[in-house]
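Asker:
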Amino acid sequence: MATLVLHHQTSPAQDAEALHQAFKGWGSDGKAIIAILGHRNVHQRQEIRRAYEEIYQENLIKRLESEISGDFERAVYRWMLEPADRDAVLMNVAIKNGPKEYNVIAEIASVLSAKELLAVRCAYHDRYKRSLEEDVAAHTTGHLLVIGFEQLLVGLVSSYRYEGDEINVKLAQTEANILHESIKEKKTNYEEVTRILTTRSKTQLVATFNRYRDEHGISISKKLVDQSSDDFVKVLHTVIRCVNDHKKYYEKVLRNAIKKFGTDEDGLTRVIVTRAEKDLKDIKEVYYKRNSVHLEDAVSKEISGDYKSSVCVLFKGHMCAFCLSYVVNNSIMATLVAPPDHSPVEDAESLRKAVKGWGADGKAIISILGHRNAAQRTQIREAYHNLFQEDLIKRLESELSGDFERAMYRWILEPAEREALLANIALKRDEKSYQVIVEISCVLSPEELFAVRRAYHNRFKRSMEEDVAANTTGHLRQAWLVSSFRYGGSEINARLAQSEADALHEAIKNKNKSNEEIIRILTTRSKTQLVATFNRYRDDHGIAITKKLSDEGSDEFFTAANLAISCINDHKKYYEKVLRNAMENIGTDEEAVTRVIVTRAEKDLKEIKDVYYKRNSVDLEHVVAKETSGDYKKFLLTLMGHDD
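Following this line, the structure appears as C-alpha cells:
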C-alpha cells in the first residue's frame, strides 16, 4: 500500500557524506538531496541523521532548513521527522492557525491507531513541554460560540480507543438513533455525540454509521453537510469520514488542495508525506477512480521545482492495479484456494468414487472441485470423459440436487459458457430479468463479452442479440448492450466527458424524450471515459447520476440505465448490493447469491467481501452461513476461501 521505493542496502555514513556534499557551494543540490532522502524509510532517515551529527557535529534537519526554502523545505523537514514527531508538529501548526485548521487535529486523532496517537501525545510533550490536550483546550475555549467544541477536540486527542473487531449490533442501533436525534434537533446533544465518537472502537462506529444509513436512507456525513456549516459540524464531519474510510477522506483533501485557486501546498504536503510509507498507493487509486486522472499528473501541473521533484519521488512505485497483469490481479483478489500442482486423472478417479453408491459424497466433491480453477476443472472433465466414457457434468446433475446442484453445475462450466447460460435463464423467465443481462454486458471486458456471445451461439444455436431482441422492445432492447465491443483503453477526453455529462443531464431532465443519447453514450464509450463522464456529472450537479436516476422514479429504461452505470462505475459495490438484497429479503435469493459467488470467486470476490464488510459491519461468510445449509453452504464457503 506504500509508494515509497527504497534502496535496501544503504550506508548511513555514505548518505550523510553525500548530503554534506550537496550543501557545498552556492545553493544546495536539491536533486541529490531528493535522490537520497526520497528513497529512505523512517528508520534509514533516522540513521542518516545520527551519522550526520556524529561526522559533522551539526543537526541535519537544521542544516536542511538553512539550505533549502519554501514548499520544498517544508516537505523535506516534515519527511525527515519521525512520524509521531511529525504529527505533533502538524497538530501544533493546526492549533496555532485556529478554527480553519481544526479539521487537521480531528484528522490525525481519528486516523491514527490508539498506540500511534499516544506516541504523538508523548512527542508533543517532549517537543513543546506542554500536553497536547492542554494546548487544544487553551486554543478552543472561547474561540467559538459552540458549546462542546472544546470537549470534542480534547476528547479526540486524549482518547485511547479499543481496537477490537467485535460489534454490538444493539449498541449500534441505539447510538445511530442518538446521533439522528442530535442532528435533527440542530442544537446538538454535544456530550452524547462526543461520548460516542471518542469512546467507541472504529469497527463499532462504522457499524453505527451503517445502521444510520440503513435506517434513514442517507449517510450520516451527507446529513451533516446538508444540516449545517458551522465549525463544530465540520469537525464532526471530518471525524466521521476519517473513521469510515480515511482513504476517501484523503482523496478529497487532495482534490480540494489541487482545485483551489492557488494550490493548497500545505494540505498536499501533509497527505503525501504522512501516507507515502503507509497507504498512498491506495489513496492514489481512489483519486483516479474519483477524478479519472492520475494524482501524479494533477499534482505535476500545479507545482514546480525541487518541491515537485520531491513529491514525485514519493509517488513512485505507483502502478499497482494499472500495471499488474490480469493473472496477478486475479490471484490477489480471488478467494479461490487452488493447488498449483494437481493430477486431473487422480481427481477424476476420486470424483468417480464420490458419485458411486447410494447418494453422492458431497464433501468429497467439494474438496476437489471447490479447490480447482477454471483450467484445472476443464482438465478434470476431459480426464473423466476419457476414463469413464461419460460426461462429468451430466453425472453430477444426476447425483446432486437443489441449490447445491445448481451451484456446482455453474461452477464446473467454463466461464464464458456459464455467463451464456445465466443470460439465457434470465431471458426465459416469465418476469423478464434484465439485471443479469446488463450485469454481464457492463462488467465483462470486451474480449470476455465476445467469448460469451460465441458460447451462447454454440450452446443455444441462436445469437444472444437475437434472443434479447425477441424478448424486449424499443429503447430497452437497445439498452441491453450485448452487441457492443467497447474500446478498452485508459485515455480520457475531458471535453467529451463534459459535453456528454451535459447530454445525460438533459436526457434525464427530459425523461423519455432523449433515450437515444443515453444509449449512444453508454454503449459506445470506453469504461474509463464513462467513469470520467459520471464524475463530471457529479461535480457539475452535486449528485451522483445513479442517485438522480433513482430519484426520477421506476421507469423501466431508467432502471436499466441505472444498473448499467452502477456496474460500469464500481462493479464491486454493485455486487455487494446484489448480495445484500439477496440475503436481506424474506427468503434468501439463492440464485443471486450463487451467481455472484460462483462468477467472482476466481476474480475479485475478496474485494467484494471487503466492500460487504465495510457496508454491513459483518463478514459475508457469516451471513451466507446463516442463510444457507448443507452441502450448498459448504460449497459456497469453500469458494469464498473459508473451508468448514
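Counting the sequence shown from 1 gives a position; the numbering used here is that position plus 136. Backbone N, C-alpha and C fix where the C-beta goes; we use that ideal spot for every residue, glycine too.
DSSP three-state call for HIS135: helix, strand or coil?
Answerer: Limits of the chain in this structure are 137 at one end and 780 at the other, which puts residue 135 out of reach.
Asker: Which residue wins for smallest C-alpha separation from GLU485, given the options LEU523, ALA511, VAL473, ALA496?
Answerer: Considering only alpha carbons, the answer is LEU523.
Asker: Touching or not, the region 494-511 and the region 472-484, by the rule of three or more beta carbon pairs under 8 Å?
Answerer: Yes, the region 494-511 is in contact with the region 472-484.
Asker: So TYR385 is in the alpha helix (DSSP H); what residue range does that whole segment cover?
Answerer: TYR385 -> alpha helix (DSSP H) spans 367-395.
Asker: Could you check which residue in SER662, LYS742, TYR673, LYS713 has the C-alpha nearest to that of ILE704?
Answerer: The residue with the shortest Cα to Cα distance from ILE704 is SER662.
Asker: Hey, quick one: how far does the alpha helix (DSSP H) through LEU741 stretch, first residue to last?
Answerer: From DSSP, the alpha helix (DSSP H) with LEU741 extends over 741-752.
Asker: Which first and last residues belong to the alpha helix (DSSP H) in which GLU327 is found?
Answerer: Segment 326-335, the alpha helix (DSSP H) holding GLU327.
Asker: Please say whether SER249 and GLU302 have beta carbons closer to each other than 9 Å?
Answerer: Not closer than 9 Å, so no.
Asker: Could you give the C-beta distance for ILE169 and ALA158, rounded to a whole number, given that I count them as a contact under 8 Å?
Answerer: The Cβ separation is near 5 Å, so the contact holds.
Asker: Is it a yes or a no for the region 589-600 touching the region 745-764, going by three-plus beta-carbon pairs under 8 Å?
Answerer: Contact fails: fewer than three Cβ-Cβ distances are below 8 Å.
Asker: Going by CA-CA distance only, name the one from ALA224, GLY538, ARG349 that's closest to TYR768.
Answerer: Measuring from the Cα of TYR768, the nearest candidate turns out to be GLY538.
Asker: Taking only the alpha-carbon atoms, compute the straight-line gap between ALA605 and ILE644 and give it to the nearest angstrom.
Answerer: Between ALA605 and ILE644, the C-alpha separation is close to 24 Å.
Asker: Rounding to the nearest angstrom, what Cα-Cα distance links TYR711 and ALA171 in this structure?
Answerer: TYR711 and ALA171: Cα-Cα distance of roughly 44 Å.
Asker: Keeping to the same chain, check which residues put their C-beta closer than 8 Å to that of PRO480; ignore five residues upstream and five downstream.
Answerer: Cβ neighbours of PRO480 beyond the five flanking positions: GLN512, GLN515, ILE516, GLU518, ALA519.
Asker: DSSP three-state label for PRO219, please.
Answerer: If DSSP states are grouped into helix, strand and coil, PRO219 belongs with the helices.
Asker: Of the choices LYS388, PHE540, THR410, whose alpha-carbon is the least far from that of TYR423?
Answerer: Comparing Cα positions, the closest option is LYS388.
Asker: Just checking, does the region 671-681 make contact with the region 630-643 on the three C-beta pairs under 8 Å criterion?
Answerer: Contact holds: three or more Cβ-Cβ distances are below 8 Å.
Asker: Grouping DSSP H, G and I as helix and E and B as strand, with all else coil, what is ILE354?
Answerer: Here ILE354 sits in coil by DSSP.
Asker: Take TYR623 and list the residues in its own chain whose beta-carbon comes closer than 6 Å to its own, dropping the five residues that flank it on each side.
Answerer: Correct list, in chain order: SER662.
Asker: Using the three-state DSSP reduction, which class does SER702 fall into: helix, strand or coil?
Answerer: Helix.
Asker: Determine the DSSP secondary structure at THR399, reduced to helix, strand or coil.
Answerer: THR399: coil per DSSP, three-state reduction.
Asker: Whether or not the region 491-508 and the region 542-550 are in contact is what I'm after, with contact meaning three or more pairs of Cβ atoms, one per stretch, closer than 8 Å; do they touch?
Answerer: As far as the Cβ criterion goes, the region 542-550 touches the region 491-508, which means the pair count is three or higher.
Asker: Could you compute how far the alpha carbon of PRO235 sits from the alpha carbon of LEU390?
Answerer: Cα to Cα, the separation comes out at about 20 Å.
Asker: On the criterion of 16 or more Cβ atoms from any shown chain inside 10 Å, does GLN665 qualify as buried, or is it exposed?
Answerer: The residue in question, GLN665, is buried, as its Cβ has 16 or more Cβ neighbours within 10 Å.
Asker: Closer than 7 Å by C-beta to HIS778: which residues in its own chain qualify, once you throw out the five before and the five after it? Chain order, please.
Answerer: Once the five neighbours on either side are set aside, the close Cβ partners of HIS778 are GLU757.
Asker: Apply the 10 Å Cβ neighbour rule to ILE408 and answer buried if 16 or more other Cβ atoms are within range, or exposed otherwise.
Answerer: Looking at its Cβ environment, which holds 16 or more other Cβ atoms inside 10 Å, ILE408 is buried.
Asker: Beta-carbon within less than 8 Å of ARG832's beta-carbon, same chain only, minus the 5 sequence neighbours each way: which residues are those?
Answerer: The structure shown does not extend to residue 832, since the chain spans only 137 to 780, so no value can be given for it.
Asker: Identify the continuous alpha helix (DSSP H) that holds GLY678 and give its terminal residues.
Answerer: It is not in any alpha helix (DSSP H) - GLY678 carries neither H nor E in the DSSP assignment.
Asker: Do THR82 and SER246 have their CB atoms nearer than 9 Å?
Answerer: The question about residue 82 has no answer here: the residues shown for the chain are numbered 137 through 780.
Asker: From SER461 to VAL429, what does the alpha carbon distance come to, in whole angstroms?
Answerer: At SER461 the pLDDT is 32, less than 50, meaning the model places this residue with poor confidence; the figure from the coordinates comes in the next sentence. Their Cα atoms are separated by approximately 21 Å.
Asker: Under a three-way DSSP split, which group does PRO475 fall into?
Answerer: Coil at PRO475, not helix or strand.
Asker: Are the CB atoms of ASN177 and GLU413 within a distance shorter than 9 Å?
Answerer: For GLU413 and ASN177, yes; Cβs fall inside 9 Å.
Asker: Secondary structure at GLN193, three-state DSSP: helix, strand or coil?
Answerer: DSSP places GLN193 in coil when its eight states are reduced to three.
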